[in-house]
Amino acid sequence: RRRNPTFGIKSDPLSQLALLFSALVHDVDHTGITNRQLVLEMDDLAILYNDQSVAEQRSLAVAFLTLKGGEYQELREVLFPLSPP
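Per the working numbering, residue 16 is the first one in the sequence shown, and the count goes up by one each step.
Here is the structure:
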């Protein structure tokens, strides 16, 4: 029987969280317009993100701004502890 490799992800909770987070935020706030078109039209987002991966950077910005909200304080403390456990 052939096994499918998990590349260590199966036993690494941080990698699992990274995969879940990236799947959840992928294309958040996407307008349906390609990066190329945003750049060609000199859209405000293209200017803000210096014409580089415009939609992707917007998705990350929205995701992290959301994560900074008060309702995610406990999650942030678990993910990014200020002192060692």
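Cβ coordinates follow ideal geometry from the N, Cα and C atoms, glycine included. Quick caveat, the model's predicted, so the values are computed rather than measured.
Proximal residues to residue i (C-beta, below 8 Å), its chain only, five neighbours per side dropped
i	result
residue 74	40, 41, 42, 43, 44, 45
residue 64	72, 73
residue 94	32
residue 23	30
Buried/exposed call for residue i, threshold 16 Cβ in 10 Å
i	result
residue 50	buried
Residues near residue i in its chain [Cβ-Cβ closer than 7 Å; skip 5 each side]
i	result
residue 60	53, 69, 73
Cβ contact check for the segment 71-90 and the segment 24-41: 3 or more pairs under 8 Å:
Judged by Cβ distances under 8 Å, the segment 71-90 makes contact with the segment 24-41, as three or more pairs qualify.
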